[in-house]
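Residue numbers (the numbering used here): 190 to 667.
All C-beta atoms, glycine included, are put in the ideal place defined by N, C-alpha and C.
Being a predicted model, the structure only gives us computed values, none of them experimental.
In what follows, a single structure is set out as structure tokens and then discussed.
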């Protein structure tokens, strides 16, 4: 079966949408109706909310100082507290507090607007740049032209938009968007999925935009475009999982996430089929897989790892008195009870639980294994890639993952609501640590074969990662 290009754009996640709702409010609205952003708060109210969220992060976040020292975290929160002024809106307050939160370097820790604000936003229609733009190696490129200006050609490099240099645009993005550790590919993946929304919200909401581009022949041209309201694109909705055959001898499991509740049945049926067919080669496609249920990731590993190992979940028991400030108390308690049924221990105030990754008793796969990853591979999907690489079970192909190899802060992530503005903070309660023989601290899983497939800058008709699989197997690409 011939492959088509793997499209990074079509695998959108809910958290992309929620963050897009954030940035859309930063620079104006499309309808002059009553909106929550017109409401302002006193400095005393804002300081109270700021201190409230700051305190909960310091007391409860399991990886607050994993990548940034405690002194630095204290410094940044103190510094941005001094920037609070009277009569700020919820939008302005969120922009401010996102800056010290970004210093934590945790992709699971983020803010959302209040419930009232979010309900308002989903009813709005915003206009955006009429070109699809992607970042590669800290440069911006046009990927697709949706404007009436036919001279804006794909692969042209963008020098500036409305006098904002490409460097300054990306620097602004980096200040507000959280990601794990020191990884660049994760943020790039987010930018590329929602560049126009981030640009409007964080940089410039003008209806007319002047784009300066450098062409392949190094010539420079200037173009004026009008922002437009995009049409709904239902074509981006994908199945959560699929099993196909790239070749008679190559099966492909494509997992867009680990969020589906029926995936465990899918995996069970899939590996039964692979066992019956004795398929010698398997590709597990985790590109743009933003994670989901850890238990599903563990089930997948059980079919692929030859020996039993563990996944560690750690929390600080001192956070228990703070449960009353969090949403989803039932889930928090249920998760704790679940972990108590695994191997666990308490050392001082730290609670450690060890989730077993046991080899499947039936239909374990022993053939040749390839795993495809990119900057959109995050959270639970990185757990899978980490174990398969470090235990020499798979050949990893693609880009550095967007999640760190050593693990992440996740498992249970309640929302905390600030008392005055209603701003919400997603707060992970567990540090999930991959029990590996070695890893690159603060970096994602590094592929055995790096493919710079970033945003269609190579070929519009072939999938470079799949092509590499076939090359390694000495099979001609169809």
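According to DSSP, simplified to helix, strand and coil, what is residue i?
{"i": "residue 261", "result": "helix"}
{"i": "residue 202", "result": "Residue placement at residue 202 is poorly supported in this model, since its pLDDT is 45, which falls under 50; the coordinates still yield a value, given next. Looking at residue 202 - three-state DSSP - the assignment turns out to be coil, as it is neither helix nor strand."}
{"i": "residue 597", "result": "strand"}
{"i": "residue 334", "result": "strand"}
{"i": "residue 658", "result": "helix"}
{"i": "residue 546", "result": "strand"}
{"i": "residue 328", "result": "strand"}
{"i": "residue 306", "result": "helix"}
{"i": "residue 266", "result": "helix"}
{"i": "residue 359", "result": "helix"}
Would you give the residue range spanned by the beta strand (DSSP E) that residue i belongs to?
{"i": "residue 238", "result": "Unbroken run through residue 238 is the alpha helix (DSSP H), 232-249; no beta strand (DSSP E)."}
{"i": "residue 416", "result": "Here residue 416 belongs to no beta strand (DSSP E), and DSSP marks it neither H nor E."}
{"i": "residue 619", "result": "619-623"}
{"i": "residue 434", "result": "430-436"}
Since residue i is in the alpha helix (DSSP H), which residue starts that stretch and which ends it?
{"i": "residue 325", "result": "Residue 325 -> not in any alpha helix (DSSP H); beta strand (DSSP E) instead, spanning 320-325."}
{"i": "residue 444", "result": "That residue, residue 444, is in no alpha helix (DSSP H); its beta strand (DSSP E) goes 439-444."}
{"i": "residue 279", "result": "279-291"}
{"i": "residue 347", "result": "Looking at the DSSP string, residue 347 is not in any alpha helix (DSSP H); the run it does join, the beta strand (DSSP E), is 346-350."}
{"i": "residue 572", "result": "569-579"}
For residue i, which residues of its own chain have a beta-carbon under 7 Å away from its beta-carbon, when the five flanking residues on both sides are left out?
{"i": "residue 380", "result": "324, 362 and 387"}
{"i": "residue 566", "result": "475, 476, 478, 574, 590, 591 and 592"}
{"i": "residue 413", "result": "397 and 399"}
{"i": "residue 277", "result": "229, 230 and 235"}
{"i": "residue 214", "result": "Low per-residue confidence applies at residue 214: pLDDT is 49, beneath 50, and the placement is therefore not dependable, though the value from the model is reported in the following sentence. Contacts found: 226, 280, 310 and 390."}
{"i": "residue 218", "result": "A caution first: residue 218 carries a pLDDT of 41, below 50, which makes its placement in the model too unreliable to give a value."}
{"i": "residue 453", "result": "485 and 488"}
{"i": "residue 514", "result": "245 and 605"}
Residues in the same chain with beta-carbon distance under 8 Å from residue i, minus the five sequence neighbours each way, listed in chain order, please.
{"i": "residue 433", "result": "190, 440, 441 and 443"}
{"i": "residue 371", "result": "256, 294, 631 and 632"}
In terms of DSSP beta bridges, what is residue i paired with?
{"i": "residue 540", "result": "504 and 535"}
{"i": "residue 587", "result": "562 and 639"}
{"i": "residue 613", "result": "301 and 606"}
{"i": "residue 557", "result": "470"}
{"i": "residue 354", "result": "349"}
{"i": "residue 229", "result": "278"}
{"i": "residue 633", "result": "593"}
{"i": "residue 317", "result": "417"}
Keeping to the same chain, check which residues put their C-beta closer than 6 Å to that of residue i; ignore five residues upstream and five downstream.
{"i": "residue 378", "result": "564, 565 and 591"}
{"i": "residue 508", "result": "249"}
{"i": "residue 207", "result": "Here residue 207 scores only 47 on pLDDT, less than 50, and its place in the model should not be relied on; the value that follows carries that caveat. Only 301 meet the Cβ criterion."}
{"i": "residue 319", "result": "335, 336, 414 and 417"}
{"i": "residue 492", "result": "460, 549, 553 and 554"}
Tell me whether residue i, by its Cβ, gets closer than 6 Å to a heavy atom of the ligand MG.
{"i": "residue 511", "result": "Ligands in the displayed structure: none, and consequently the ligand MG is not present."}
>> So within the segment 446-528, which uninterrupted alpha helix (DSSP H) runs reach at least 4 residues, ignoring any that extend past its ends?
In response: 452-466 and 483-493
>> At 3 residues or longer, what runs of the beta strand (DSSP E) sit wholly inside the segment 362-421?
In response: 397-403 and 409-415
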